[in-house]
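Residues in the sequence shown are numbered from 372 upward in steps of one, following the working numbering.
A quick write-up on the structure given underneath.
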Amino acid sequence: MSLILLLGRIVVILFGYLVGAIAAGAFLNFLIIARLGLNPDEMRWALVGSAFVSVPVFAFFVAYQAFIPAMLAIGATEFFKKRDWLVQALAGAAVALFVLGTVARSETTVSLTDLPVAMAVIASGLVGGIAYWLIAGRSAGRWREPQANVRLSKP
Numbered sequence: 372m373s374l375i376l377l378l379g380r381i382v383v384i385l386f387g388y389l390v391g392a393i394a395a396g397a398f399l400n401f402l403i404i405a406r407l408g409l410n411p412d413e414m415r416w417a418l419v420g421s422a423f424v425s426v427p428v429f430a431f432f433v434a435y436q437a438f439i440p441a442m443l444a445i446g447a448t449e450f451f452k453k454r455d456w457l458v459q460a461l462a463g464a465a466v467a468l469f470v471l472g473t474v475a476r477s478e479t480t481v482s483l484t485d486l487p488v489a490m491a492v493i494a495s496g497l498v499g500g501i502a503y504w505l506i507a508g509r510s511a512g513r514w515r516e517p518q519a520n521v522r523l524s525k526p
């Protein structure tokens, strides 16, 4: 495999990770807003406002906290050529569990060990894993397969 194709695959993986982090952050933001108990008119404004302010903040937080475990999970799926959506979703949930474990040990004001909060974070990991699969996970490990040499015959 050429170096250009490998660099292209790395770019696709990083873009898929970015999309997965945005999807997980947006889903987590939606779950938090849904728990506020707003009426429908307030809910509309809360969703519009959060799309520009808190979704990027949540996405940045997710991307920052989950980068190392996500890259390990992505490396494993690339190595073992796991391309199905369920493996990617479960990898996202496993990364979310790891993030829960590491963030819960730090001194935070939010109790991440509460069941509703933990379930929301795990569900966000599932959504992030599926979003990653849509961009980069469907072709995981294809770069390791031998490429067929196509020769054009002279007329």
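All C-beta atoms in this analysis are idealised placements derived from N, C-alpha and C, irrespective of residue type, glycine included.
Helix, strand or coil at residue i [DSSP, three-state]
i: Ala489; result: helix
i: Ala507; result: coil
i: Gln518; result: coil
i: Gly408; result: coil
i: Val383; result: helix
i: Arg454; result: coil
i: Gly512; result: coil
Distance CB(residue i)-CB(residue j) smaller than 8 Å
i: Gly396; j: Gly508; result: no
i: Val458; j: Pro440; result: no
Counted within 10 angstroms of its Cβ, other Cβ atoms place residue i as buried (16 or more) or exposed
i: Phe401; result: buried
i: Ser373; result: exposed
Whole-number beta carbon distance between residue j and residue i, since they are thought to touch under 8 Å
i: Gly463; j: Gly391; result: 7 Å
i: Leu471; j: Val492; result: 6 Å
i: Leu399; j: Phe423; result: About 16 Å; that fails the 8 Å criterion.
Minimum C-alpha distance to residue i - residue among the options
i: Gly499; options: Arg415, Met414, Phe431 and Asp412; result: Phe431
i: Ala489; options: Ile403, Ile375 and Val383; result: Ile403
i: Ala437; options: Leu385, Glu413 and Asp412; result: Leu385
i: Phe450; options: Gly512, Glu516, Ile381 and Gln518; result: Gly512
i: Pro487; options: Val428, Ile375 and Arg406; result: Arg406
C-beta neighbour in chain D for residue i, strict 8 Å
i: Tyr388; result: Considering every chain present, this structure includes no chain D. It has just one protein chain.
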